[in-house]
Amino acid sequence: MNEALLLARAQFGLNIGFHILFPTLTIALAWFLVAFRLAYQRTRDPAWLATYQLWVKIFALTFAMGVVTGVTMSFQFGTNWPRYMTTVGAIAGPLLSFEVLTAFFLEATFLGVMLFGMQRVPDWVHIVASILVAFGTTVSAFWILALNSWMQTPAGHVFADGQWIAADWVGVIFNPSFPYRLAHMLTASGLTAAFALAGLSAWRLLHAPFDHGARRTLRAGILTAAVAAPVQIFLGDQHGLNTLEHQPAKVAAIEALWHTERGAPLVLFAIPNEKTRRNDYAIELPYGASLILRHEKRAEVKGLDAFGLDRPPVAPVFFAFRVMVGVGVLMLALSWFGAWATRRGRTAPRWLLWTFAACTFIGWIATLAGWLVTEIGRQPWLVTGILRTAQAVGEASGAELGASFTGYVLTYALLLIAYLVVLTHMAGKGATPKEA
Amino acid sequence: MDLPLVFMIVMGAAVLAYVVLDGYDLGVGMLMPAASAEEQSTMVASIGPFWDANETWLVLGIGILLAAFPLAHGIVLTALYIPVVAMLVGLMLRGVAFELRVKAEGWHRELWNWLFWLGSFAASFFQGVMLGRYITGFEQGFGFWLFAITVGASLCGGYVLLGATWLILKCEAGLQAKAFAWARWGLLWVALGVGLVSLATPLVSETVREKWFDFPRTLWVMVLPAASVACGAWLWRATGAKRRTNEMLPFALAVAIFVLAFLGLAYSLYPYVVIDRLTIWEAAAHPSGLKALAIGAGIVLPFIIGYTILAYRIFRGKANEKLYD
Chain A
56 MNEALLLARA QFGLNIGFHI LFPTLTIALA WFLVAFRLAY QRTRDPAWLA
106 TYQLWVKIFA LTFAMGVVTG VTMSFQFGTN WPRYMTTVGA IAGPLLSFEV
156 LTAFFLEATF LGVMLFGMQR VPDWVHIVAS ILVAFGTTVS AFWILALNSW
206 MQTPAGHVFA DGQWIAADWV GVIFNPSFPY RLAHMLTASG LTAAFALAGL
256 SAWRLLHAPF DHGARRTLRA GILTAAVAAP VQIFLGDQHG LNTLEHQPAK
306 VAAIEALWHT ERGAPLVLFA IPNEKTRRND YAIELPYGAS LILRHEKRAE
356 VKGLDAFGLD RPPVAPVFFA FRVMVGVGVL MLALSWFGAW ATRRGRTAPR
406 WLLWTFAACT FIGWIATLAG WLVTEIGRQP WLVTGILRTA QAVGEASGAE
456 LGASFTGYVL TYALLLIAYL VVLTHMAGKG ATPKEA
Chain B
1241 MDLPLVFMIV MGAAVLAYVV LDGYDLGVGM LMPAASAEEQ STMVASIGPF
1291 WDANETWLVL GIGILLAAFP LAHGIVLTAL YIPVVAMLVG LMLRGVAFEL
1341 RVKAEGWHRE LWNWLFWLGS FAASFFQGVM LGRYITGFEQ GFGFWLFAIT
1391 VGASLCGGYV LLGATWLILK CEAGLQAKAF AWARWGLLWV ALGVGLVSLA
1441 TPLVSETVRE KWFDFPRTLW VMVLPAASVA CGAWLWRATG AKRRTNEMLP
1491 FALAVAIFVL AFLGLAYSLY PYVVIDRLTI WEAAAHPSGL KALAIGAGIV
1541 LPFIIGYTIL AYRIFRGKAN EKLYD
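Sequences listed follow chains A and B, in order.
So the mapping is simple: my numbering equals the position in the first sequence, first residue as 1, plus 55.
So the mapping is simple: my numbering equals the position in the second sequence, first residue as 1, plus 1240.
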């Protein structure tokens, strides 16, 4: 791989990986805010208003982080991957533009009303604004995942006039992996926001054990996670079976299966070795992969050798997948135990509060790991079967990429530190009721 | 219908909307060091509800460039790589500073105030540099870069003018009086900058020179600079110490100057999307993509304009300094 390609990928990966953290949190957090706002409307309990006002500020900060990193993305398509647009631009361009048109403006405009408009508009307008912001974040996920899924499992396109265009937009948008990926991503957002809510509330309770509002939001976060975690495991399994059907090479890399075989084992842990094309230090469950993927002990599972050179690197996909699944199981265990420990108004023990506080951003780890699995798992393709990553790279020089890469890394480090410091500071101070 | 031309107009309108709307945000950001701590709170509050949506017009403009003119998107953004990155870092610092400066305490708050100013300034300056490089067709050489830097400095003046006139509209008493004075400084700065750029543009681009100095067409197109000068003179009068009665007028005139400058630029460049290299039609995306985009934009844009107007109505009147706390 040449230097410019490597840098272009590293830079784009850094940007999108940094960006994804914030929408993942805001998509579901926006719906939590709708719930808090409606709870205040119903009960007129000032504690709900205070909760809303605290979390709307956290939302605004997170949203701003998402906006500024998202703006960067819209430029980098052209700077890092110019051939992407000239090859599949007739499909990717409209999808990206629809996101800006239908979601971005909606969120940005009504967030202003949500944040600052409570005294200026009637209650119902403020509630509608909160709902529109939440709706906007979800619509935004819809378009972005439609495009991402299309790049994974393209459908509805034809080749005409030297490029790929849409023959059937419904087919393009609702491509084979789209429903699974969208459901998986939205649930991931639910879990991420639930753990952030629970974690920051736990952090507050460590400082102020009798904060009524924080006890409520802790419980809300835990219960949401307790429901979302098993749903996510089910959805993840379905998504995996869909991937097996449409992107078998990705699944082979996930399972580190080097050779096609009947009765393939499930590799629990190993160090995949690209040179010898085998797994070092493997711990395997006999027939496991055949059972999970084909639901039959002796069924044949395609190994990496079936795909020649058109297959992803194994180790990153293999490890990222295990991190994702491990974190998922941890989230299930934690949320169920937490739900039990706080049942019927019981007070969570301090060690449990510490555990939840430590797991505030656990959703980010699972999301990033899952994103690495799906994106690296698609390599060497940028758009499966249509455009290779190496073909799409631009003419920006290594020096330009290197300089800008450094600039981004420094800026992002500053932003992330500031974000985390302010967030824990705000959550530690907690919500203070005041007049609306 | 000539879809590439339609999208060129829509893209131009989106960029103009961005320049005017985020221009006043960035201008207010650049004026921050000239105000007291209390005034700074009011200034930030005057743009707080709007900046997010204002910045979205830039994303729309770039989105249309990407979707409707993919060839140009690649060429333009590759050629502008470094100024684009510098501008984006500026926008990032400015955007998060809104939220962070009020939540930070002690020297942290000072740091974010400073980064708010730096981010606003860097974003403005490098947008101007991008424009300067774009007009010259990305020619390399000392003179061309000097030109780009001059455009960058002039655009900062333009945004300061927009920001100051916005503050006249949104603020009261002492701060408003200061804003009147700032607007006059901004206007002088713009006049100097636009003068230099107008003199230099025909020198750096033959295509532009032919457009403007081709008799008898020159007589017609000179209406644009003449109208700009008239607006500038009127603005100077309206911000004079004895005539500060109309709060809306200075902002309206500042916007008018930007619109006129924009029309002049559009006239200079047409029909190119990359000057001397790529026309609108050569750069256009495949008709199937353009059609899908046209349908989507046609349905959604009226709604966006509608609720943008609604948001400005909700937050009309003077800014409340307790917005962030």
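Think of the CB as a built atom: it goes at the ideal place given N, C-alpha and C, for glycine as much as any other residue.
Just so you know, these numbers come straight off a predicted model, no measurement behind them.
- Task: With DSSP as the reference, label A:Asn328 as helix, strand or coil.
- Result: In the structure shown, A:Asn328 sits in a strand (DSSP, three-state: E or B).
- Task: Would you kindly report the start and end of the unbroken alpha helix (DSSP H) that includes A:Ile71?
- Result: Segment 58-98, the alpha helix (DSSP H) holding A:Ile71.
- Candidates B:Ala1523, B:Leu1340, B:Ala1551, B:Val1400: closest to B:Ala1312 by CA position: Looking at the Cα atoms, B:Ala1523 is the closest of the given residues.
- Query: Looking at the C-beta of A:Ile220, does it have a partner C-beta in chain B at a distance below 8 Å?
  - Reply: Taking a beta-carbon distance threshold of 8 Å, A:Ile220 counts as an interface residue toward chain B.
- Look up A:His294 in the DSSP assignment and give the residues it is bridged to. Paired residue(s): none; A:His294 is not in a bridge.
- Counting only beta-carbon atoms, is A:Gly223 nearer than 8 Å to chain B? The amino acid occupying residue 223 of chain A in the given sequence is Asp; Gly does not appear at that position. Output row for A:Asp223: interface = no.
- Message: Alpha carbons only, please: which of B:Val1299, B:Ile1287, B:Glu1379, B:Gly1426 is nearest the one belonging to B:Ala1254?
- Response: Answer by Cα proximity: B:Val1299.
- Task: Please report how far the alpha carbon of A:Glu496 lies from the alpha carbon of A:Phe460, in whole angstroms.
- Result: Lying outside 56 to 491, the shown extent of chain A, residue 496 of chain A is not represented and no answer is given.
- Message: Any contact between the stretch 1528-1539 of chain B and the stretch 1313-1321 of chain B? By contact I mean 3 or more CB pairs, one from each, below 8 Å.
- Response: No contact exists between the stretch 1528-1539 of chain B and the stretch 1313-1321 of chain B.
- DSSP state of A:Trp110, grouped into three classes? In the three-state DSSP reduction, A:Trp110 falls in the helix class (H, G or I).
- Item | B:Glu1345 vs A:Leu116 beta-carbon contact at 8 Å | A:Leu116 sits away from B:Glu1345, with the two beta carbons spaced by 8 Å or more.
- Query: Who are the Cβ neighbours of A:Glu490 in its own chain at under 7 Å, not counting the five residues just before and after it?
  - Reply: Confidence in A:Glu490 is poor, its pLDDT being 43 and thus under 50, which makes the residue's placement unreliable; the coordinate value appears in the next sentence. Excluding sequence neighbours, A:Glu490 sits near nothing in its chain.
- Do you know how far the Cα of B:Phe1356 is from the Cα of B:Arg1341? When rounded, the distance between both Cα atoms is 8 Å.
- Item | A:Val438, enclosing alpha helix (DSSP H) - first and last residue | Unbroken run through A:Val438 is the beta strand (DSSP E), 436-438; no alpha helix (DSSP H).
- Task: Name the one or two DSSP bridge partners that B:Tyr1512 has.
- Result: In the DSSP output, where bridge partners are listed per residue, B:Tyr1512 has B:Thr1519.
- Query: In the stretch 1506-1528 of chain B, which residues sit with their C-beta less than 9 Å from some C-beta in chain A, listed in chain order?
  - Reply: Within the stretch 1506-1528 of chain B, the residues whose Cβ lies closer than 9 Å to some Cβ of chain A are Ala1525, His1526, Pro1527, Ser1528, listed in chain order.
- Message: Comparing C-alpha positions only, which one of B:Arg1334, B:Ile1287, B:Ser1364 sits nearest to B:Trp1233?
- Response: In the structure displayed, chain B extends from 1241 to 1565; residue 1233 of chain B sits before or after that span and is not available.
- Contacting residues, own chain, Cβ-Cβ under 7 Å from A:Phe67 (five flanking each side not counted): Once the five neighbours on either side are set aside, the close Cβ partners of A:Phe67 are Gln131, Asn135.
- Short CB-CB distance (under 8 Å) between A:His480 and chain B: Closer than 8 Å: yes.
- Would you identify the three-state DSSP class for A:His262, choosing helix, strand or coil? Here A:His262 sits in helix by DSSP.
- Query: Do you know how far the Cα of B:Ala1506 is from the Cα of B:Ser1528?
  - Reply: In this model, B:Ser1528 and B:Ala1506 are separated by some 26 Å (Cα to Cα).
- Once you ignore the five residues that flank A:Ala486 on each side, which residues in its own chain have a CB closer than 7 Å to its CB? When the five nearest sequence neighbours on each side are left out, the beta carbons in the same chain lying within less than 7 Å of the beta carbon of A:Ala486 are those of Ala105, Thr106, Gln108, Leu109, Gly268, in order along the chain.
- Message: Contact criterion: CB-CB distance below 8 Å. Does B:Asp1292 meet it with respect to chain A?
- Response: Yes, B:Asp1292 counts as interfacial toward chain A.
- Measure how close the beta-carbons of B:Leu1415 and B:Glu1295 come, nearest whole angstrom, since I'm counting them as under 8 Å. Contact doesn't hold; Cβ gap of about 24 Å is too wide.
- Message: For B:Ile1497, count the other beta carbons within 10 Å of its own beta carbon; 16 or more makes it buried, fewer makes it exposed. Which is it?
- Response: It counts as buried.
- At least 3 beta-carbon pairs within less than 8 Å: the stretch 400-411 of chain A vs the stretch 296-312 of chain A: Taking 8 Å as the limit for Cβ pairs, the verdict is that the stretch 296-312 of chain A does not touch the stretch 400-411 of chain A.
- Task: For the beta strand (DSSP E) containing A:Tyr336, list its first residue and its last residue.
- Result: Its beta strand (DSSP E) spans residues 333-340.
- Message: According to DSSP, A:Phe214 sits in a beta bridge with which residue or residues?
- Response: DSSP lists A:Trp219 as the beta-bridge partner residues of A:Phe214.
- Chain-order list of residues whose beta-carbon lies under 7 Å from that of B:Pro1490 (same chain, five-residue window excluded): For B:Pro1490, where only same-chain residues beyond five positions count, the Cβ hits under 7 Å are Thr1405, Ile1408, Ala1423, Leu1475, Ala1478, Thr1479.
- Item | Own chain residues within Cβ distance below 8 Å of A:Ala284, not counting five before or after | These residues qualify, in order along the chain: Leu246, Gly383, Met386, Leu387, Ser390, Trp391.
- Using DSSP with H/G/I as helix, E/B as strand and the rest coil, what is A:Leu442? In this structure, A:Leu442 counts as strand in the three-state DSSP scheme.
- Task: Check whether the Cβ of B:Gly1557 sits closer than 7 Å to any heavy atom of the ligand FMN, and report yes or no.
- Result: Judged by which ligands are present, the structure shown has none, so any question about the ligand FMN falls away.
- Query: Would you say B:Met1462 faces chain A, with C-beta separation under 8 Å as the test?
  - Reply: Residue-level contact by beta carbon fails for B:Met1462 and chain A, as no gap is shorter than 8 Å.
- Task: Flag this pair as yes or no: are the beta carbons of A:Trp205 and A:Ile146 separated by less than 8 Å?
- Result: When the beta-carbon positions are compared, A:Trp205 and A:Ile146 come within less than 8 Å of each other.
- Query: Quick one: Cα of A:Gly483 to Cα of B:Ser1281, how far?
  - Reply: Between the C-alpha atoms of A:Gly483 and B:Ser1281 there is a straight-line separation of about 24 Å.
- Cβ neighbours of A:His212 in the same chain (closer than 7 Å, five flanking residues each side left out): Leaving aside the five residues that flank A:His212 on each side, the residues in its chain whose CB is nearer than 7 Å to its CB run, in chain order, Ile146, Trp219, Ile220, Ala221, Ala222, Val227.
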